[in-house]
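*Asks:* Structure in structure tokens, see below.
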Amino acid sequence: MTASLEQLRRCHFAVDLGAARTRVYVKGAGLVVDQPSAAAVNTRTGALIAVGELAEKMTGRTPDYIRVVRPVSGGTVVDIEMAQRMLRHLLGDKMRRSLRRKPILRAAACTPHDADPLAQRAAIETLVGLGARRVELVDTLIAAAVGCGLPVEQPEATMIMVCGAAATQVAVLSLGAIVTAERIPVGGEAVDQAIVQHLRHEHELMLPSQSVRPLQLALSGNGLTAQGPASTEIHGRDVATGLARSVQVDTAAVRDAIQTPLTSILDGIGKVLRACPPDLVADLADRGIMMVGGSALLPGLDQMLRQATGMPVHIAERPDVCAVQGLGAMLEGRIAPLALDPLGT
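Each residue of the sequence shown is one higher than the last, beginning at 78 in the working numbering.
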């Protein structure tokens with residue numbers, strides 16, 4: 078853990094800046110922001126028009142002078158100024174005034190596993206721009222494990238898989254630290270893109286930017302297995318004519334199209350297990366893998382992992398907010414560190 082529990086207890090708010098959604102937890106108030114990481118900007122004046130849900134709805138529907146930007150990519154802030162403006166508007170004046178009353182405002186932030194110094198610096202500068210005097214960084218894997226109730230501080234192995242929009246992180250934890258971990262640059266967006274490419278090549282159909290998720294939901298609870306629906310109707314634009322068109326898509330072909338990104342995730346899990354000590358792997362055979370993150374809700378993904386690894390696979394109760402809830406639990410002091418009595422000499 079980058080920051081100690083004692084340091085985190087002094088923090089007043091925590092931020093989970095994700096590629097898909099931004100979440101803010103304020104000490105004593107709980108989760109106050111859970112919005113898409115998007116902002117709509119007027120390119121002529123530089124004015125911010127909308128943030129969050131409204132900005133995401135504008136994607137692909139705006140005139141030339143309005144641009145929808147995403148200041149976070151792969152868990153890393155790529156546009157610090159825009160990220161600060163987006164967070165200010167998402168928090169609102171009332172919440173920002175209450176935070177500014179703190180004599181020394183402290184903040185905590187999630188960073189992806191093995192984030193480089195530039196990525197860490199960008200996260201710190203983003204929160205410093207909101208008035209934070211000190212920023213503590215916590216590995217997303219640790220925060221998510223705490224948020225979904227795993228016994229992180231105990232001397233036993235727990236395996237967690239954070240399925241994000243731009244990347245998937247897999248780790249084995251024990252005694253409050255990461256034993257071995259792997260970050261795979263494949264996430265929910267790669268699955269979306271695989272489906273878009275399949276429909277373009279096989280059906281000459283272009284999808285609206287926001288219709289891929291409904292396609293995944295149409296695959297039902299057994300979406301990645303043969304028990305799912307045989308076909309589903311998709312609406313889009315014909316590549317050649319530009320006219321609206323509907324096609325019946327064979328869901329078996331869609332399942333084949335997304336196998337490539339999902340295979341990369343399986344390879345990452347195998348790499349983590351091979352690098353893990355045998356005693357911890359024995360623990361994992363019983364406890365299995367805990368899935369968190371928004372893309373963990375992809376229909377049938379847990380069943381596919383169960384069949385491929387032979388291990389139990391569980392999805393957290395609220396997988397999308399586990400990381401920020403874990404940060405909140407640390408801020409509120411609900412996590413007790415493992416007490417080791419020093420041996421007398």
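The beta-carbon is built from N, C-alpha and C at its ideal position, and this holds for glycine as well.
Report back the beta-carbon spacing between V110 and G403 to the nearest angstrom; my notes put them in contact at under 8 Å.
*Replies:* Position 33 of the sequence shown holds residue 110. Position 326 of the sequence shown holds residue 403. About 16 Å; that fails the 8 Å criterion.
*Asks:* Based on the DSSP output, what are the partners of A254 in its beta bridges?
*Replies:* Stepping through the sequence shown from its first residue, residue 254 is reached at position 177. Residue pairing by DSSP places A254 opposite S251 in a beta bridge.
*Asks:* Mind checking whether the beta-carbon of A248 lies closer than 7 Å to any heavy atom of the ligand HEM?
*Replies:* Ligands in the displayed structure: none, and consequently the ligand HEM is not present.
*Asks:* What are the partner residues of A184, as DSSP defines its beta bridges?
*Replies:* As a working note, residue 184 is residue 107 in the sequence shown. Note: A184 sits in a beta bridge opposite F90 and V212.
*Asks:* Hey, is Q197's beta-carbon within less than 8 Å of any beta-carbon in chain D?
*Replies:* Protein chains in the displayed structure number just one, and chain D is not present.
*Asks:* Mind checking T328: buried by the 16 CB within 10 Å criterion, or exposed?
*Replies:* Counting from one through the sequence shown, the residue named residue 328 turns up at place 251. T328 comes out buried.
*Asks:* Can you tell me which residues form a DSSP beta bridge with D111?
*Replies:* As a first step, residue 111 must be located in the sequence shown, where it is residue number 34. D111 pairs with R100.
*Asks:* Checking the sheet assignment: what are the DSSP bridge partners for Q325?
*Replies:* Translated into positions along the sequence shown, residue 325 becomes position 248. Answer is E310.
*Asks:* Jot down the residue ranges of each uninterrupted alpha helix (DSSP H) in the region 338-416, minimum 4 residues, whole runs only, in chain order.
*Replies:* 355-364, 378-386 and 399-408
*Asks:* Rounded to a whole number of angstroms, what is the C-alpha to C-alpha distance between V128 and H312?
*Replies:* Translated into the one-based positions of the sequence shown, residue 128 becomes position 51. Translated into the one-based positions of the sequence shown, residue 312 becomes position 235. Each residue's alpha carbon lies about 27 Å from the other.
*Asks:* Taking only the alpha-carbon atoms, compute the straight-line gap between S347 and C353 and give it to the nearest angstrom.
*Replies:* The residue given as residue 347 occupies position 270 in the sequence shown. The residue given as residue 353 occupies position 276 in the sequence shown. It should be noted that the sequence gives Gly, not Ser, for residue 347. Their backbone Cα atoms lie some 10 Å apart in a straight line.
*Asks:* Would the beta-carbon of I237 fall within 8 Å of that of L250?
*Replies:* Start at 1 with the first residue of the sequence shown, and residue 237 comes out as number 160. Start at 1 with the first residue of the sequence shown, and residue 250 comes out as number 173. Against a cut-off of 8 Å, the Cβ pair of L250 and I237 comes out as a contact.
*Asks:* Would you list the residues sitting across from R260 in a DSSP beta bridge?
*Replies:* Residue numbering aside, residue 260 sits at position 183 when the sequence shown is read from its first letter. For R260, the pairing in a beta bridge is given by DSSP as Q246.
*Asks:* So the candidates are D170, L182 and P148; which of them puts its Cα closest to the Cα of K104?
*Replies:* Numbered from its first residue, the sequence shown carries residue 104 at position 27. It is L182.
*Asks:* Can you list the beta strand (DSSP E) stretches of 3 or more residues lying completely in the region 217-242, in chain order?
*Replies:* 235-240
*Asks:* Note down, in chain order, each residue of its chain lying with its Cβ closer than 6 Å to the Cβ of D93, except the 5 sequence neighbours on either side.
*Replies:* Numbered from 1 along the sequence shown, position 16 holds the residue referred to as residue 93. Counting only Cβ-Cβ distances below 6 Å, and skipping sequence neighbours, we find R100, C187, A400 and V401.
*Asks:* At what residues does the alpha helix (DSSP H) containing I425 begin and finish?
*Replies:* Because residue 425 is not part of the residues shown, which for the chain are 78 to 422, the question remains open.
*Asks:* What does S150 pair with, by DSSP beta-bridge criteria?
*Replies:* For this step, residue 150 is matched to residue 73 along the sequence shown. According to DSSP, S150 bridges with T153.
*Asks:* Evaluate E230 with the Cβ neighbour count: other Cβ atoms within 10 Å of its Cβ, from every protein chain shown; 16 or more gives buried, anything less gives exposed.
*Replies:* As a working mapping, residue 230 is identified with position 153 in the sequence shown. Buried is the label assigned to E230, since at least 16 other Cβ atoms lie within 10 Å of its Cβ.
*Asks:* Please report how far the alpha carbon of R98 lies from the alpha carbon of S114, in whole angstroms.
*Replies:* For the purposes of this step, residue 98 is identified with residue 21 of the sequence shown, where counting begins at 1. For the purposes of this step, residue 114 is identified with residue 37 of the sequence shown, where counting begins at 1. Going from the Cα of R98 to the Cα of S114 covers about 5 Å.
*Asks:* How is A192 classed by DSSP in three states: helix, strand or coil?
*Replies:* Here residue 192 refers to the residue found at position 115 when the sequence shown is read from its first residue. Correct three-state label for A192: coil.
*Asks:* Alpha carbon to alpha carbon, what distance is there between L82 and I412?
*Replies:* Stepping through the sequence shown from its first residue, residue 412 is reached at position 335. Stepping through the sequence shown from its first residue, residue 82 is reached at position 5. Cα-Cα distance, rounded: 8 Å.
*Asks:* Quick check on this structure: which residue in S372, P376, I126 and M381 has the alpha carbon closest to the alpha carbon of P76?
*Replies:* This structure gives no information on residue 76, because the portion of the chain shown stretches from 78 to 422.
*Asks:* The alpha helix (DSSP H) that contains L131, what's its start and end?
*Replies:* In the sequence shown, residue 131 corresponds to position 54, counting from 1. Start and end: E130 to M135.
*Asks:* Less than 7 Å between C-beta atoms, sequence neighbours within five positions excluded: which residues of the same chain meet that for G95?
*Replies:* The residue given as residue 95 occupies position 18 in the sequence shown. So the qualifying residues of the chain are S114, V149, G152, G241 and A242.
*Asks:* Go through its chain and collect everything with a Cβ distance to I392's Cβ below 7 Å, but skip five positions before and after it.
*Replies:* By one-based count along the sequence shown, residue 392 stands at place 315. Sequence-distant partners of I392 (beyond 5 residues in either direction) whose C-beta falls short of 7 Å from its own C-beta, in its chain, are M368, A373 and D379.
*Asks:* Using only the alpha-carbon positions, how far apart do L274 and Q84 sit?
*Replies:* Sequence index remark: in the sequence shown, residue 274 carries index 197 (1-based). Sequence index remark: in the sequence shown, residue 84 carries index 7 (1-based). Sequence check: residue 274 is Gln here, not Leu. Rounded to whole angstroms, Q274 to Q84 spans 46 Å at the Cα level.
*Asks:* Considering only residues of the same chain and omitting the five flanking positions on each side of P189, which have a CB-CB separation below 6 Å?
*Replies:* Locating residue 189 in the sequence shown gives position 112, where the first residue counts as 1. Here the set comprises G152 and T217.
*Asks:* When DSSP labels each residue in this structure, what does G421 get in the three-state scheme?
*Replies:* Here residue 421 refers to the residue found at position 344 of the sequence shown. Reliability of the predicted coordinates at G421 is poor, the pLDDT of 49 falling under 50, and no value is obtained from them.
*Asks:* Tell me A60's beta-bridge partners as DSSP assigns them.
*Replies:* For the chain, the structure presents residues 78 to 422; residue 60 sits outside this window and is missing.
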